[in-house]
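What follows is one structure encoded as structure tokens, with my remarks underneath.
Residue numbers (the numbering used here): 165 to 456.
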């Protein structure tokens, strides 16, 4: 992959400093230096101590990446919501794991993505930026190289990224505010290390919610994550006394739906390479549509 910039500002600076300014980490600069990456200024190869000036043109060719042999390419359908040279944004169905697990025989999303990238003659290294639980559906984002991954992964820690979920929870939300922020800290469940629980000594966790609709036996919430802890929405809803429908692990009713009724439906981020905001919507899957 090749990237190009024209230096806009006047101060003279070292090339390495400029590359950090446009988003390269120190680790990636080492990769450029020691793993066959190339950097040119005004069509001449230069090194990081070279001084760049206003209107200089800088070109970077990323080094080749080696994909993990643990992720075996497998053919299968992908629902692509957005794609460019840097990012692949997908609508993941419920029941599909994001990454293969030990002992798992059915393909994970990463297996399907690797096959797709190879069929398009692209770098097939899997750079998963955000994950969803196996039974959560909706938007999941991947980068096509380490540089694009670092840019967007860093952005996830800022207000530039917004993720909105649709959640159906057990019971009616009648005795609680119709909108607010859930702030319970989250830690590992001491009884089951695969699960999480509210823990005063756990990591800070913030979940914003708004009630969209109420039915006799369940409530529809719009949820936005401020932090991104494992199982955060599931734990917070359960802690409020309203676990997700279908969420057996956290006490949700399975009468209406066979999996946790959680869908990531809206994703917004600032595309630092294209210099524009990207908004993506994922259609609501049929099992949640039936309840709505």
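All residues carry an ideal CB built from backbone N, CA and C; glycine is no exception.
- Task: Might you give, ordered along the chain, the residues of its own chain that have their beta carbon closer than 7 Å to the beta carbon of residue 313, omitting 5 neighbours on each side?
- Result: Around residue 313: 291, 293 and 307.
- Quick check: the segment 277 to 288 against the segment 233 to 252, are there 3 or more CB pairs under 8 Å? Contact between the segment 277 to 288 and the segment 233 to 252 is established, with three or more Cβ pairs separated by less than 8 Å.
- Task: Drop a sphere of 10 angstroms on the beta-carbon of residue 215, count the other beta-carbons inside from all chains shown, and report buried for 16 or more, exposed for fewer.
- Result: Looking at its Cβ environment, which holds fewer than 16 other Cβ atoms inside 10 Å, residue 215 is exposed.
- Within this structure, are the beta carbons of residue 457 and residue 275 separated by less than 7 Å? The first residue shown for the chain is 165 and the last is 456, placing residue 457 beyond what the model contains.
- Can you grab the Cα-Cα spacing for the pair residue 262 / residue 271, in whole Å? Using only the alpha carbons, I get a separation of about 9 Å.
- Query: Taking the C-alpha atoms as reference points, what is the distance between residue 310 and residue 337?
  - Reply: Distance from the CA atom of residue 310 to the CA atom of residue 337, rounded to whole angstroms, is 43 Å.
- Task: Have a look at 227, 329 and 203 and flag the residue whose alpha-carbon is nearest the alpha-carbon of residue 428.
- Result: Relative to residue 428, the option among 227, 329 and 203 whose CA is nearest is 329.
- Got a sec? Which residues, its chain only, sit under 7 Å from residue 235 by beta carbon, not counting five neighbours each side? The beta carbon of residue 235 sits closer than 7 Å to those of 264, 274, 275, 278 and 290, all from its chain and outside the five residues before and after it, given in chain order.
- Determine the direct distance from the alpha carbon of residue 267 to that of residue 351, and round the result to whole angstroms. Distance from the CA of residue 351 to the CA of residue 267, rounded to the nearest whole angstrom, comes to 26 Å.
- Spell out a yes or no on whether the segment 429 to 441 and the segment 406 to 413 are touching, meaning 3 or more CB-CB pairs, one atom from each, closer than 8 Å. Put simply, the segment 429 to 441 does not touch the segment 406 to 413. Fewer than three CB pairs are less than 8 Å apart.
- Task: Ignoring anything shorter than 3 residues or poking outside the segment 226 to 283, list the beta strand (DSSP E) runs there in chain order.
- Result: You should have 244 to 247 and 251 to 256.
- Item | Reference residue 299; option with closest CA among 402, 440 and 395 | Comparing Cα positions, the closest option is 395.
- Query: Are three or more beta carbon pairs between the segment 375 to 391 and the segment 319 to 333 nearer than 8 Å?
  - Reply: Yes, since at least three Cβ pairs between the segment 375 to 391 and the segment 319 to 333 fall closer than 8 Å, the two stretches touch.
- Close Cβ partners of residue 386 (< 6 Å) along its chain, the five nearest in sequence each way excluded: Hits under 6 Å: 374 and 376.
- Task: Measure the Cβ-Cβ separation of residue 224 and residue 203 and say whether it is below 7 Å.
- Result: Yes, Cβ-Cβ distance for residue 224 and residue 203 is below 7 Å.
- Query: Who are the near neighbours of residue 442 in its chain, counting only those whose CB is closer than 6 Å to its CB and skipping five residues on each side?
  - Reply: Result list for residue 442: 433 and 435, in chain order.
- In three-state DSSP terms, what is residue 297? When secondary structure is reduced to three states using DSSP, residue 297 falls in the coil class, being assigned neither helix nor strand.
- Proximity below 7 Å, CB of residue 227 to CB of residue 258: It is not a contact, given that the beta carbons lie outside the stated cut-off.
- Task: To the nearest angstrom, report how far apart residue 405 and residue 248 are at their CA atoms.
- Result: C-alpha separation (whole angstroms): 42 Å.
- Message: Which complete alpha helix (DSSP H) runs does the segment 420 to 456 hold, if anything under 4 residues is left out?
- Response: The segment 420 to 456 contains, as complete alpha helix (DSSP H) runs of 4+ residues, the segments 450 to 455 (chain order).
- Item | Three-state secondary structure assigned by DSSP to residue 335 | Coil, per DSSP.
- Task: On a CA-only basis, which of 348, 357, 353 and 371 is nearest residue 364? Give me that one, please.
- Result: With distances taken between Cα atoms, residue 364 lies closest to 348.
- Query: What are the boundary residues of the beta strand (DSSP E) that residue 204 is part of?
  - Reply: Where residue 204 is concerned, the enclosing beta strand (DSSP E) starts and stops at 202 to 205.
- In this structure, does DSSP put residue 367 in helix, strand or coil? Per DSSP, reduced to three states, the secondary structure at residue 367 is strand.
- Query: How is the alpha helix (DSSP H) around residue 191 delimited, first residue to last?
  - Reply: Per DSSP, residue 191 belongs to the alpha helix (DSSP H) from 190 to 198.
- Is the beta carbon of residue 449 less than 7 Å from the beta carbon of residue 301? Residue 301 sits close to residue 449, with the two beta carbons spaced by under 7 Å.
- Message: Assuming residue 168 is part of the beta strand (DSSP E), what are its boundary residues?
- Response: In the DSSP annotation of this structure, the continuous segment of the beta strand (DSSP E) that includes residue 168 starts and ends at 166 to 170.
- Query: Looking at C-alpha atoms only, which residue of 424, 414, 456 and 340 is the closest neighbour of residue 356?
  - Reply: For residue 356, the nearest C-alpha among the options comes from 414.
- Item | For residue 246, the nearest candidate out of 444, 456 and 451 (CA to CA) | Residue 444 is the option with its Cα nearest to residue 246.
- Message: Need the endpoints of the alpha helix (DSSP H) that residue 180 sits in, please.
- Response: Residues 179 to 185.
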